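Sequential numbering of the sequence shown, starting at 1, is according to our numbering. Down below is the structure, laid out as structure tokens.
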Amino acid sequence: MTKGIPSFAKAPHTWLRSMPLKFACIDQFFPENISYSKPEGGLFIWVELLASVDPSKIFVECLKNNVAIVPGIPFFPNGTQKNTLRQNYSNTTKEQIREGIKRIG
1 MTKGIPSFAK APHTWLRSMP LKFACIDQFF PENISYSKPE GGLFIWVELL
51 ASVDPSKIFV ECLKNNVAIV PGIPFFPNGT QKNTLRQNYS NTTKEQIREG
101 IKRIG
């Protein structure tokens with residue numbers, strides 16, 4: 001760690017560099033009928049699935065395949081947006097991003 005500069009101060013640059021790869025992998029491996037956010041910062045990409053898709057089932061399958069996602073349901077306590085999921089890309093290598101997105105898709 002560089003003296004005087006906290007390690008978290010450097011982190012956003014790492015996150016920003018991984019976003020284009022994540023977007024490209026989503027475009028390549030996910031079905032065409034989903035949509036997703038393209039944040040300018042932050043740690044998460046929101047994915048909106050078809051209304052008929054249960055993200056809780058995707059969550060269980062992802063865990064079986066060593067990939068972590070978070071169903072969006074808890075983030076909408078009013079019951080809207082039941083067909084969303086959240087992906088974090090802050091602590092993954094390029095290889096992990098590519099393989100993880102492929103497994104989710």
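Positions of the beta carbon are idealized from the N, C-alpha and C atoms, including for glycine. Quick caveat, the model's predicted, so the values are computed rather than measured.
Buried/exposed call for residue i, threshold 16 Cβ in 10 Å
| i | result |
| --- | --- |
| Thr172 | With the chain represented from 1 up to 105, any question about residue 172 goes unanswered, as that position is not in the structure. |
| Leu63 | exposed |
| Pro49 | As written in the sequence, residue 49 is Leu, which differs from the Pro given in the question. Looking at its Cβ environment, which holds 16 or more other Cβ atoms inside 10 Å, Leu49 is buried. |
| Val47 | buried |
| Thr93 | exposed |
DSSP bridge partner residues for residue i (one or two, in chain order)
| i | result |
| --- | --- |
| Tyr36 | Val47 |
| Pro71 | Leu85 |
Contacting residues, own chain, Cβ-Cβ under 6 Å from residue i (five flanking each side not counted)
| i | result |
| --- | --- |
| Gly100 | Val67 |
| Tyr89 | Ser18 and Lys22 |
| Ser56 | Pro71 |
| Lys82 | Ile73 |
| Ser35 | Glu48 |
Residues near residue i in its chain [Cβ-Cβ closer than 7 Å; skip 5 each side]
| i | result |
| --- | --- |
| Asn65 | Arg103 |
| Phe44 | Arg86, Gln87 and Asn88 |
| Asn33 | Leu50 |
| Pro6 | The predicted model places Pro6 with a pLDDT of 49, which falls under 50 and marks its position as unreliable; any figure quoted below should be read in that light. Once the five neighbours on either side are set aside, Pro6 has no close Cβ partner at all. |
| Ile26 | Tyr36 and Ile101 |
Residue span of the beta strand (DSSP E) that contains residue i, given as start and end
| i | result |
| --- | --- |
| Gln111 | Beyond the ends of the chain as shown, which are 1 and 105, falls residue 111; an answer cannot be given. |
Alpha helix (DSSP H) segment containing residue i, residue limits
| i | result |
| --- | --- |
| Gln119 | Lying outside 1 to 105, the shown extent of the chain, residue 119 is not represented and no answer is given. |
| Pro31 | That residue, Pro31, is in no alpha helix (DSSP H); it is neither H nor E in DSSP. |
| Ser52 | No alpha helix (DSSP H) contains Ser52, which DSSP labels as neither H nor E. |
Neighbourhood of residue i by C-beta, 8 Å cutoff - its chain only, sequence neighbours within 5 removed
| i | result |
| --- | --- |
| Phe59 | Ile69, Val70, Pro71 and Leu85 |
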